[in-house]
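In terms of UniProt numbering, the sequence shown is residues 1 to 145.
Built from N, CA and C at the ideal position, the CB exists for glycine as well.
Below you'll find the structure, written out as structure tokens, and then a few comments.
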Amino acid sequence: MVKQVYGLFNKLVGTNTIKVVMQNEIALNVFGEPLIPCSFDPLTGFFRDGCCKTNEEDVGSHLVCAIVTDAFLQFSLQKGNDLITPRPEYRFPGLLAGDQWCLCINRWVEALNANCAPYIKLESTHIKALETVPMNILKEYAREV
Numbered sequence: 001m002v003k004q005v006y007g008l009f010n011k012l013v014g015t016n017t018i019k020v021v022m023q024n025e026i027a028l029n030v031f032g033e034p035l036i037p038c039s040f041d042p043l044t045g046f047f048r049d050g051c052c053k054t055n056e057e058d059v060g061s062h063l064v065c066a067i068v069t070d071a072f073l074q075f076s077l078q079k080g081n082d083l084i085t086p087r088p089e090y091r092f093p094g095l096l097a098g099d100q101w102c103l104c105i106n107r108w109v110e111a112l113n114a115n116c117a118p119y120i121k122l123e124s125t126h127i128k129a130l131e132t133v134p135m136n137i138l139k140e141y142a143r144e145v
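Given below as structure tokens:
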């Protein structure tokens with residue numbers, strides 16, 4: 001029944017409307033409270049709305065609000081993800097140490113295992129991060145900004 005209603009809604013209003021509706025749902029942080037924005041400058045998030053929100057299109061699961069360091073930026077570059085170089089065509093300004101950015105949960109775990117995980121803002125980290133990383137580990141890397 002839900003699929004039928006969803007399908008009918010999709011036909012009537014189109015997929016772009018559904019994406020906006022899903023994007024604007026109240027997302028929760030790791031405390032089960034409303035997600036606090038991670039950064040507006042630089043503008044982060046899968047939706048480029050400042051928040052570490054996600055949906056089924058976010059295959060990277062950009063869940064962790066990180067305070068990036070030079071060590072992490074170099075680690076990410078070595079892994080093939082250049083977060084330093086500006087890419088205006090993707091609305092990406094390039095990051096500097098101290099910037100806050102929504103990271104893919106698996107990249108953060110890789111950095112954790114390589115001893116270069118950046119600190120995080122728990123109130124801005126999506127609750128789905130807990131499906132991959134236990135709260136006690138996240139708390140070890142928590143920082144107030």
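Among the options, nearest to residue i - alpha-carbon criterion
i: leucine 130; options: Asp49, Pro37, Ser61 and Ile84; result: Ser61
i: glutamine 74; options: Ile84, Ile67, Cys65 and Ala66; result: Ile84
i: aspartate 58; options: Leu103, Met135, Pro118 and Lys121; result: Leu103
Alpha carbon of residue i to alpha carbon of residue j, nearest angstrom
i: aspartate 99; j: isoleucine 26; result: 25 Å
i: valine 20; j: asparagine 55; result: Confidence at valine 20 is low in this model, with a pLDDT of 41, below 50, so its placement is unreliable and the value that follows should be read with caution. Cα-Cα distance, rounded: 11 Å.
i: threonine 69; j: alanine 97; result: 4 Å
i: threonine 44; j: arginine 91; result: 9 Å
i: glutamate 89; j: alanine 111; result: 27 Å
i: alanine 71; j: threonine 132; result: 23 Å
i: cysteine 65; j: arginine 107; result: 12 Å
i: cysteine 116; j: isoleucine 105; result: 14 Å
i: histidine 126; j: glutamine 78; result: 26 Å
Residues bridged to residue i [DSSP beta-bridge criterion]
i: tryptophan 101; result: Ala66
i: asparagine 29; result: His126
i: arginine 87; result: Phe92
i: leucine 43; result: Phe40
i: isoleucine 120; result: Ala66 and Ala142
Proximal residues to residue i (C-beta, below 7 Å), its chain only, five neighbours per side dropped
i: asparagine 114; result: In the sequence on display, residue 114 carries alanine and not asparagine. For alanine 114, where only same-chain residues beyond five positions count, the Cβ hits under 7 Å are Phe75.
i: proline 93; result: Pro42 and Pro86
Neighbourhood of residue i by C-beta distance below 8 Å, restricted to the same chain and skipping five residues each side
i: leucine 95; result: Pro42, Val68, Leu73, Leu83, Ile84 and Trp101
i: glycine 50; result: Pro37, Cys38, Ser39, Phe40, Leu43 and Thr44
Sequence-distant residues of the same chain with beta carbon closer than 6 Å to residue i, five excluded per side
i: glutamine 123; result: The sequence given here places glutamate at residue 123; glutamine does not occur at that position. Cβ within range, chain order: Asn29 and Ile36.
Residue i in three-state terms, based on DSSP
i: isoleucine 36; result: coil
i: alanine 142; result: strand
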